[in-house]
Amino acid sequence: MMRIDAHQHFWRYRPQDYRWISDEMAVLKADFLPEQLLPTLQRHDMQGSILVQACSDIAGTQWLLNIAEQTEFVRAVTGWVDLASPQLAGQLALLAHPLLRGFRHQVQDEPSPAHWLADPAVNNGLRQIQQQGYVYEILVTHRHLADAAQFAARHDRHALVLDHFGKPDLHLGAAHWAKQIAPLAALPHVSCKISGLLTEPRPAGVTLHDLLPYFEVVLEAFGSERLMFGSDWPVCLLAGRDENPWALCEQATATLSSDEQAALYGGNACAIYRLQETSNESASAK
């Protein structure tokens, strides 16, 4: 079974395209491209990755697909479309590509994520992309997990994936977050990426060891059959050189069986994103 990094990004940095990168994130104000990620994937024995959008732009998604065509290890792309657009069908036709397997919107950056998740136009759009067999990734923080659960419950025709543990509030602890995540975990068509935890705001004195209970919660809630490892590279670089998502996840999953680890580190991503259809021969006549 391939080992897959189920969540990574590439970009050529332009401030107008990546407004979410603040001055406190100076390390991210640079270009991040395949040749920079490859040595890290090789070091951690990852044979492939899923490339995820980081800007809300059709042209940006086309750029990601072009990069993916030329990059052996990229097995699938999660892009962006305007779900609420009356021209959604045309956008989907424009973006159609063998490597395009899903979509995402940075709902957390909306003025009102709850309003966006409840918008009838957005919900109609999601029904369209599910009918076409696309995965949808949900990016919200702990503040809107209840709204995300209601949203997910309306859309069970295809797989949904919660990004970054649902961005728990580390100040309130894992037990509080376990209650917040339970309604989403109760939906069998929702999976979760164990990614992004290192860059969530931490109370003073919280160590890597203190993050392990969040893995215990998510394993109990979703089971190893609905979890996927993701590095969130290069955003994970915000955590600093002494912390990396690979080491943290390996520590947290060390007691799992070999089958459970194989599922979490690749098998589930292969199934949800249909990676068995991407030997990169269909994508890599290169």
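Under the working numbering, the first residue of the sequence shown carries the number 36, and numbering increases by one thereafter.
A virtual CB, placed ideally from N, CA and C, is assigned to each residue, including glycine.
- Here the alpha carbons of Thr176 and Leu205 stand approximately 11 Å from one another.
- Listed in chain order, the non-local C-beta contacts of Leu118 below 7 Å within the same chain comprise His140, Val157, Gly160 and Leu161, local neighbours out to five positions each way being set aside.
- For the pair Ala181 and Ala153, the Cα-to-Cα distance works out to about 12 Å.
- If you keep only unbroken alpha helix (DSSP H) runs of at least 4 residues inside the segment 51-115, you get 69-78 and 93-104.
- The DSSP-derived three-state label of Arg261 is helix.
- Shown here, Lys202 sits in coil according to DSSP, grouped into three states, outside any helix or strand.
- In the DSSP assignment, Gln286 falls within the alpha helix (DSSP H) that extends over Pro280 to Ala287.
- The DSSP-derived three-state label of Val225 is strand.
- Checking the DSSP bridge columns, you'll see Tyr171 partnered with Phe138 and Leu195.
- Within its own chain, the residues whose Cβ lies closer than 6 Å to the Cβ of Phe250, once the five positions on either side in sequence are excluded, are Ala287, listed in chain order.
- Taking each of Ser266, Asp66, Ala111 and Ser292 in turn and checking the Cα distance to Pro133, the smallest one comes out for Ala111.
- For Ala217, the secondary structure class from DSSP, reduced to helix, strand or coil, is helix.
- For His179, the closest of Thr290, Trp115 and Ser147 by C-alpha to C-alpha distance is Ser147.
- Among the bridge pairs identified by DSSP, Trp46 is matched with Phe67.
- Here Asp154 carries a coil assignment [DSSP, helix/strand/coil].
- Annotated three-state conformation of Ala119 is coil, per DSSP.
- With a beta-carbon spacing of about 6 Å, Gln82 and Arg38 fall inside the 8 Å limit used to define contacts.
- Nearest neighbour of Lys228 by Cα position, chosen from Asp245, Ala239, Pro203 and Leu243, turns out to be Pro203.
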